[in-house]
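Residue numbers (my numbering): 12 to 301.
Reviewing the structure listed below.
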């Protein structure tokens with residue numbers, strides 16, 4: 012450090028407003044929620060301390076397990092498809108096509124819309140009687156499908172909506188990773204007679220592995236936290252088959268006013284996401300270094 016240099020002091024001074032906001036809106040709610048999880052509290056009455064009882068009840072709650080299972084289903088449906096489609100989009104926009112600029116805008120366009128707009132749009136498209144999808148099916152002499160009210164199609168419909176909406180985000184990340192690969196590597200492979208898909212397999216995929224790990228972790232976190240599109244499109248139905256864990260947490264806290272129990276479920280979800288993310292990072296990072 013240079014004598015008389017005030018960079019450290021100035022850095023701390025400039026960081027204080029951010030730290031104050033971060034503590035007020037992140038750290039304090041985080042600790043406050045953990046504190047509430049040890050109480051029985053319905054907002055209107057005085058909270059009573061019950062220790063770990065909320066957590067004990069949680070592990071015997073069938074709705075908790077079913078909601079967690081539906082969340083896992085959604086994660087398994089969306090994560091692989093979003094990574095694959097995002098990567099293919101990135102290949103398209105980083106290729107030699109004269110339309111790559113147009114494709115980039117088209118692919119990313121859905122991501123600029125809010126969750127409510129996207130969910131309402133697709134709920135209309137998938138409506139049984141006059142939705143666009145069923146109109147097409149009837150033009151092909153096929154029977155209309157209850158996309159959002161049939162147990163076999165409801166979660167897949169929400170997953171399709173999420174794919175259309177968020178694949179552009181992964182495209183941007185993969186695209187940035189691909190653009191960092193030196194062109195000389197591809198030129199050398201081309202001189203050696205490698206085809207396009209051989210270059211993708213042996214050059215592009217290995218060299219964007221760190222981006223793949225990042226996208227995978229971010230996607231799993233986002234999928235575990237799914238709520239909005241489920242709530243708007245199906246409301247958790249039919250018969251609770253699309254009720255995800257965040258929706259159950261919301262209903263428990265703000266519909267049945269079991270704030271302590273709702274907070275306890277939130278922290279279990281937090282621990283699950285953290286554990287999955289740490290394991291992924293450790294396993295994939297170790298594989299990348301070998």
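Beta carbons: idealized from backbone N, C-alpha and C, even for Gly.
Source: prediction; values computed, not measured.
Residue 76 and residue 82 have their C-alpha atoms roughly 10 Å apart. For residue 36, the secondary structure class from DSSP, reduced to helix, strand or coil, is helix. Here residue 102 is not near residue 224, since their CB atoms are 9 Å or more apart. With a 10 Å radius around the Cβ and a threshold of 16 neighbouring Cβ atoms, residue 185 comes out buried. When C-beta atoms of the stretch 172-191 are compared with those of the stretch 145-162, fewer than three pairs fall below 8 Å, so the two segments do not count as touching. Boundaries of the alpha helix (DSSP H) around residue 189: 165-190.
Under the 10 Å beta carbon count, residue 104 is surrounded by 16 or more other beta carbons and is classified as buried. Between residue 254 and residue 241, the C-beta gap is smaller than 9 Å, which places the two residues in contact. Remark: fewer than three beta-carbon pairs, one from each stretch, lie closer than 8 Å, so the stretch 200-215 and the stretch 119-128 are not flagged as touching. Residue range 73-104 is occupied by the alpha helix (DSSP H) that includes residue 81. Taking 9 Å as the cut-off, the beta carbon of residue 270 is found no closer than this to the beta carbon of residue 86.
Ranked by Cα distance from residue 191, the options 222, 31 and 149 are led by 222.
Out of 179, 237 and 153, the CA that lies nearest to the CA of residue 95 is found in 179. DSSP, reduced to helix, strand and coil, places residue 139 outside both helices and strands of the structure shown, so it counts as coil.
Here the stretch 36-53 makes no contact with the stretch 225-233; the two share fewer than three CB pairs at distances below 8 Å.
Checking the DSSP bridge columns, you'll see residue 59 partnered with 51. Around the beta carbon of residue 151, fewer than 16 other beta carbons sit within 10 angstroms, so the residue counts as exposed. Going by beta carbons, residue 257 and residue 281 fall outside the 9 Å limit. Secondary structure at residue 159: coil, using DSSP grouped into helix, strand and coil.
Residue 172 sits buried, since 16 or more C-beta atoms from the chains shown fall within 10 Å of its C-beta.
Short of 8 Å from the beta carbon of residue 45, and not among the five residues preceding or following it, lie these beta carbons of its own chain, in chain order: 274 and 278. Collapsing the DSSP output to three states places residue 233 in a helix. The three-state reading of DSSP puts residue 125 in coil, since its state is none of H, G, I, E or B. Less than 9 Å separates the beta-carbon of residue 165 from that of residue 245. When the Cα atoms are used, residue 138 and residue 251 turn out to be separated by approximately 19 Å.
Distance between residue 88 and residue 113, taken at the CA atoms: about 28 Å.
Residue 267 sits in coil when the DSSP states are folded into three classes, being neither helix nor strand.
Within the model, the alpha-carbon separation for residue 202 versus residue 208 is close to 15 Å. Spatial neighbours of residue 182 in its own chain (CB-CB distance under 6 Å, excluding positions within 5 residues in sequence) are listed in chain order as 97, 100, 101 and 118.
The Cβ-Cβ distance between residue 259 and residue 177 does not fall below 9 Å.
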